[in-house]
Amino acid sequence: MPVEQPRIASRFLQPGHLVIATEPMQVTTILGSCVAVCLFDTTKRIGGINHFMLPIASSRTTSSARFGDVAMNELINGVRNAGARLPFLQARVFGGASMFNDVRTTIATLGQKNAELALDFLARFGVDIVEIDTGGNRGRKLVYRTDEGTVCLKSI
Numbered sequence: 008m009p010v011e012q013p014r015i016a017s018r019f020l021q022p023g024h025l026v027i028a029t030e031p032m033q034v035t036t037i038l039g040s041c042v043a044v045c046l047f048d049t050t051k052r053i054g055g056i057n058h059f060m061l062p063i064a065s066s067r068t069t070s071s072a073r074f075g076d077v078a079m080n081e082l083i084n085g086v087r088n089a090g091a092r093l094p095f096l097q098a099r100v101f102g103g104a105s106m107f108n109d110v111r112t113t114i115a116t117l118g119q120k121n122a123e124l125a126l127d128f129l130a131r132f133g134v135d136i137v138e139i140d141t142g143g144n145r146g147r148k149l150v151y152r153t154d155e156g157t158v159c160l161k162s163i
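With the working numbering applied, the sequence shown covers 8 to 163.
Put into structure tokens, the structure is as follows:
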């Protein structure tokens with residue numbers, strides 16, 4: 008008789024949101040020029056993921072996770088508040104595609120700016136970056152397991 012695997016919680020992550028999980032969870036999101044950062048504490052098995060659309064909020068009064076500077080702070084603080092510790096965090100960074108190759112405007116570099124912000128932020132905190140899949144001109148679908156720190160990634 009086959010052994011039935013326990014079901015884990017599943018969630019779709021919308022742009023401008025994040026998930027912090029101390030229990031096993033599977034989080035799915037779709038990225039274009041947006042960026043998602045997955046954090047995982049290898050000792051406590053705490054995971055978190057954000058999904059941001061723009062690099063920096065235009066005013067200091069804006070505190071939406073749609074902006075990378077806000078989303079990265081919320082992600083780091085969220086996993087730390089859940090019990091994760093910086094020396095044991097691993098990061099995976101995805102997205103940042105140039106979805107409009109034929110348009111030579113700031114939109115064409117938006118994805119690159121998003122990715123650079125995430126990588127710079129992680130470097131400032133000394134977080135070990137174990138995987139980067141950014142740039143290009145195709146979207147990505149990712150499925151993140153918060154309890155394993157693993158990502159299944161597909162170009163779309």
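Even glycine gets a Cβ: it sits at the ideal position worked out from N, Cα and C.
Please return the same chain residues whose Cβ sits closer than 6 Å to the Cβ of residue i, not counting the five positions on each side in sequence.
| i | result |
| --- | --- |
| G55 | I27, L46, L82, G85 and V86 |
| E138 | R99 |
Is it true that the CB of residue j sits closer than 9 Å to the CB of residue i?
| i | j | result |
| --- | --- | --- |
| G75 | L93 | no |
| G102 | A122 | yes |
| Q97 | T49 | yes |
| T29 | R18 | no |
| A91 | I136 | no |
| G142 | A89 | no |
| R152 | I37 | no |
| D140 | L160 | yes |
| G23 | S71 | yes |
| L129 | V44 | yes |
| D154 | P9 | no |
Could you check where the alpha helix (DSSP H) with residue i kicks off and where it finishes?
| i | result |
| --- | --- |
| I83 | G75 to N88 |
Can you tell which of the options has its C-alpha closest to the C-alpha of residue i?
| i | options | result |
| --- | --- | --- |
| S162 | R147, K51 and F59 | R147 |
| S58 | R73, V134, C159 and V158 | Note that residue 58 corresponds to His in the displayed sequence, not to Ser. That would be R73, whose Cα lies nearest to the Cα of H58. |
| L20 | F132, E11 and Q33 | Q33 |
| F95 | P13, V134 and E11 | V134 |
Could you tell me the boundaries of the beta strand (DSSP E) in which residue i lies?
| i | result |
| --- | --- |
| I63 | I63 -> no beta strand (DSSP E), and no H or E assigned at all. |
| E30 | It is not in any beta strand (DSSP E) - E30 carries neither H nor E in the DSSP assignment. |
| L46 | V42 to D48 |
| G102 | L96 to G102 |
| E138 | D135 to T141 |
| I51 | The question names Ile, but residue 51 is Lys in the sequence shown. Here K51 belongs to no beta strand (DSSP E), and DSSP marks it neither H nor E. |
| S162 | T157 to S162 |
Using the three-state DSSP reduction, which class does residue i fall into: helix, strand or coil?
| i | result |
| --- | --- |
| R14 | coil |
| N57 | strand |
| R152 | strand |
| R145 | coil |
| L124 | helix |
| L7 | Absent from the model: residue 7. The displayed extent of the chain is 8 to 163, so no value can be given. |
Quick one: residues in its chain with C-beta nearer than 8 Å to the C-beta of residue i, no 5 flanking neighbours on either side, listed in chain order?
| i | result |
| --- | --- |
| S40 | M60, G102, G103, A104, S105, M106, I114, L117, G118 and N121 |
| N144 | A104, S105, M106 and N108 |
| L124 | V42, P62, I63, G75, D76 and M79 |
| V158 | C45, R99, F101, E138, L149, V150, Y151 and R152 |
By Cβ distance below 7 Å, which residues in the same chain neighbour residue i in space, the five residues on each side in sequence not counted?
| i | result |
| --- | --- |
| F132 | I83 and L93 |
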